[in-house]
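Working notes for the structure below.
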Amino acid sequence: MSDKPFKIPGPDHPITIDHNPARVVVKLDGRVVADTRDALTLREASYPPVQYIPRKDVDMSLLARTEHSTHCPYKGDASYYSITPGGERSKNAIWTYENPHAAVREIKDHMAFYPDRVDSIEELPAS
61 MSDKPFKIPG PDHPITIDHN PARVVVKLDG RVVADTRDAL TLREASYPPV
111 QYIPRKDVDM SLLARTEHST HCPYKGDASY YSITPGGERS KNAIWTYENP
161 HAAVREIKDH MAFYPDRVDS IEELPAS
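The opening residue of the sequence shown carries number 61 in this note's numbering; numbering runs sequentially from there.
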């Protein structure tokens, strides 16, 4: 049995996940790190919305898994990746919930990026 806290989203801490109809592109140092038309927008309580990009649309050759991890009582345990061409700036720039709690199961196999550790996370018109 885990001693980590577990909470279910509700009126006091809402979480919604919606398909983003836009094309989402993440860039760092002139390189496209991720490019998708299948992003999910996660809105959690009063936090800014986060784009979760399918792993299949992320250039995994630019990433290195790190030992860093965090726990969210609403989503579960997060694993982290650095974007290697970004050096120290892009250390632990990406997080992913490989086994998310049931309430947010849609974000499984998706990755999210810290906006200050990449050059841009653009939402472009879907074409």
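Glycine residues also receive a C-beta, built at the ideal position from the N, C-alpha and C atoms.
Going by the CB atoms, is the gap between residue j and residue i shorter than 8 Å?
i    : j    : result
A138 : G146 : no
I75  : Y134 : yes
Within 10 angstroms of the Cβ of residue i, are there 16 or more other Cβ atoms? Answer buried if so, exposed if not.
i    : result
N80  : buried
G136 : buried
F66  : exposed
S142 : buried
I167 : buried
H170 : buried
Is there a Cβ of chain C sitting closer than 8 Å to that of residue i, yes or no?
i    : result
I154 : Looking at the structure shown, chain C is missing, and only one protein chain is on hand.
Taking the straight line between their C-alpha atoms, what separation do you get for residue i and residue j?
i    : j    : result
V201 : D63  : The question about residue 201 has no answer, for the chain in this structure spans 61 to 187.
D89  : D179 : 7 Å
E182 : V110 : 12 Å
A82  : D176 : 21 Å
K151 : S106 : 26 Å
P185 : A99  : 13 Å
K87  : L123 : 13 Å
R125 : Y140 : 6 Å
S121 : H73  : 36 Å
I113 : A172 : 6 Å
For a test of the three-state rule: what should DSSP assign to residue i, helix, strand or coil?
i    : result
H154 : Residue identity differs from the one stated: residue 154 is Ile in this sequence, not His. Strand, per DSSP.
D72  : coil
P175 : helix
R115 : helix
A24  : The structure shown has nothing for residue 24, since the chain only spans 61 to 187.
R97  : coil
S187 : coil
Please indicate yes or no: does the CB of residue i lie closer than 7 Å to some heavy atom of the ligand ZN?
i    : result
G146 : The ligand content of the structure shown is nil, which means the ligand ZN is not present either.
The segment 160-167 / the segment 89-97 touching (three or more Cβ pairs under 8 Å): Counting Cβ pairs under 8 Å, fewer than three are found: no touch.
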